[in-house]
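Enquirer:
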Amino acid sequence: MNMKKLLTLILLTCATTVFAQFDTHLATAKAEYAKGNLEASRFAMQQLMTELDVQIGKEVLALLPTKMDALNANIINDNVTANTGLAGCLIHREYGSQEKEARIEIMSNSPLVASLNAILAMPFMGNSGDGSQKVVKIGGYKSILQKSVDSETNVENYTLQIPMNSTLLTLYADKSNETEVLKWANTIPVDKIAKMVQ
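Residues -20 to -1, 1 to 178 in mature numbering (1 follows the signal peptide of the UniProt record, and there is no 0) are what the sequence shown lists, from first letter to last.
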């Protein structure tokens, strides 16, 4: 019980700090705009947007499953980064251990979304003849599942890409099989994440 209280206190402190930074950036942007210093105002707004992206990323991390079948999340390696001017926000979570591992990466404003949507719009492009790529549906979203096989060890690795508006959710699964990957992917609350990042 004491651990829960401590964790709650830490989260409240962090949230208060984030809101204070948000208010500071907003006040700076308004003040610089009033002075006619548009460059400084724009920079403060970019900082504000970066803070928002990071906060949204942390909320998305809270939505991700803490366990995918037998794979536990390595929460200590969770990461959220925001890039002003490039891609929006990158969210990262790892699962499992060296025997079997997976990771989720979510990138807002991903430059790959347009090409993936083009592939998904043409079924003959989405499904390869050799079975290395196919279109699947996860949480109501068309997705591309790609399989690669290590030529030396015959170990199968999978990449599942789920475009959601301008955001790309990618599940990487090493040393696994298609059934496992699809089972893991269906534990991800894709619809909730899509609503949060739009």
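For each residue, glycine too, the CB sits at the ideal point set by N, CA and C.
Values in this document were obtained by computation on a predicted structure and should not be read as measured data.
Beta-carbon within less than 8 Å of Met176's beta-carbon, same chain only, minus the 5 sequence neighbours each way: which residues are those?
Expert: Counting only Cβ-Cβ distances below 8 Å, and skipping sequence neighbours, we find Ile36, Glu39, Val40, Leu43.
Enquirer: Check Ala101 in the structure and name its three-state DSSP category.
Expert: Three-state result, Ala101: helix.
Enquirer: Nearest to Lys155 by alpha carbon, out of Gln141, Tyr75, Ile86?
Expert: Nearest of Gln141, Tyr75, Ile86 to Lys155, Cα basis: Tyr75.
Enquirer: Could you name the residues that DSSP lists as bridge partners for Ile118?
Expert: Note: Ile118 sits in a beta bridge opposite Tyr121.
Enquirer: In chain order, what residues of the same chain lie with their CB nearer than 8 Å to the CB of Val170, ignoring the 5 residues before and after it?
Expert: Correct list, in chain order: Ile118, Gly119, Gly120, Tyr121, Ile142, Met144, Leu149.
Enquirer: With a CB to CB cut of under 8 Å and the five nearest residues on each side skipped, what residues in its chain are close to Lys172?
Expert: Counting only Cβ-Cβ distances below 8 Å, and skipping sequence neighbours, we find Leu43.
Enquirer: Would you kindly report the start and end of the unbroken beta strand (DSSP E) that includes Thr139?
Expert: Unbroken beta strand (DSSP E) run through Thr139: 136 to 144.
Enquirer: Using a 10 Å radius around the Cβ and a threshold of 16 neighbouring Cβ atoms, would you call Ser90 buried or exposed?
Expert: Buried, by the Cβ-count rule.
Enquirer: For Leu100 versus Ile84, is the C-beta distance shorter than 9 Å?
Expert: Cβ atoms of Leu100 and Ile84: not closer than 9 Å.
Enquirer: In terms of residues, what are the limits of the alpha helix (DSSP H) holding Thr30?
Expert: Thr30 -> alpha helix (DSSP H) spans 18 to 43.
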